[in-house]
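Everything in the sequence shown is counted per UniProt numbering, starting at 1 for the first residue and increasing by one. Even for Gly, the Cβ is constructed at its ideal location relative to N, Cα and C.
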Amino acid sequence: MKKIYHLGTCTTCQAIIKETGIDKKGFEMQDIKSEKITPAQLDEMKSKTGSYESLFSRRALKYKEMGLKDKVLTENDYRQLILDEYTFLKRPVVFVNDRIFVGSEKKNVEALKNALS
């Protein structure tokens, strides 16, 4: 599978797409704002990463707004929050065949670039 879950308005996602050339390499591109993540898609991501927490972004503005930093969250909480609010998905999420790359950390983007070359 070659697919990227991204946010079209996110400059970081746009930069990674441009840097890697994913948009020109036949990837299915899903803008998570206009095409919501399904429970099945999220469960597939979790099966590759091992946890919903690893897919959860604490950078989202709503994380502080909702007072989540002061709560103890379970895996089910992370799953439901991501499904309810697209900004909680750490992005981009890229599937390259049987591998998954989550987030915009430099080492992750480098690993993605290596997987694409």
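- Query: Over what stretch of residues does the alpha helix (DSSP H) that includes glutamate 44 continue unbroken?
  - Reply: By one-based count along the sequence shown, residue 44 stands at place 44. 39 to 49 is the span of the alpha helix (DSSP H), which, as asked, contains glutamate 44.
- Task: Measure the beta-carbon distance from asparagine 97 to methionine 29 and round it to whole angstroms, keeping in mind my assumption that it falls under 8 Å.
- Result: The count along the sequence shown starts at 1 and reaches residue 97 at position 97. The count along the sequence shown starts at 1 and reaches residue 29 at position 29. Not confirmed; about 17 Å, so no contact.
- lysine 24 versus methionine 45: straight-line alpha-carbon distance, rounded: If you number the sequence shown from 1, residue 24 lands on position 24. If you number the sequence shown from 1, residue 45 lands on position 45. So the two alpha carbons sit approximately 23 Å from each other.
- Query: So, serine 51 versus glycine 103, is the Cβ gap smaller than 9 Å?
  - Reply: Position 51 of the sequence shown, counted from the first residue, corresponds to residue 51. Position 103 of the sequence shown, counted from the first residue, corresponds to residue 103. Between serine 51 and glycine 103, the C-beta gap is not smaller than 9 Å, which leaves the two residues out of contact.
- Item | Status (buried if at least 16 other CB within 10 Å, exposed otherwise) for proline 92 | On the sequence shown, position 92 is the one that residue 92 refers to. With 16 or more other Cβ atoms from the protein chains shown falling within 10 Å of its own Cβ, proline 92 counts as buried.
- Query: Excluding sequence positions up to five away, which residues of its chain have a Cβ less than 7 Å from the Cβ of proline 39?
  - Reply: Translated into the one-based positions of the sequence shown, residue 39 becomes position 39. Counting only Cβ-Cβ distances below 7 Å, and skipping sequence neighbours, we find Leu83.
- Query: For valine 94 versus phenylalanine 101, is the C-beta spacing smaller than 9 Å?
  - Reply: Taking the sequence shown and counting its residues from 1, one reaches residue 94 at position 94. Taking the sequence shown and counting its residues from 1, one reaches residue 101 at position 101. Going by beta carbons, valine 94 and phenylalanine 101 fall inside the 9 Å limit.
- Item | Of the residues Ile32, Tyr5, Gly21 and His6, the one placed nearest alanine 115, counting alpha carbons only | Counted from its first residue, the sequence shown places residue 115 at position 115. Minimum Cα distance to alanine 115 is reached at Gly21.
- Query: Of the choices Lys90, Glu35 and Lys106, whose alpha-carbon is the least far from that of glutamate 53?
  - Reply: Here residue 53 corresponds to residue number 53 of the sequence shown, with the count starting at 1. When only C-alpha atoms are compared, the closest one is Lys90.
- Query: Three-state secondary structure (DSSP) at tyrosine 52?
  - Reply: On the sequence shown, position 52 is the one that residue 52 refers to. Looking at tyrosine 52 - three-state DSSP - the assignment turns out to be coil, as it is neither helix nor strand.
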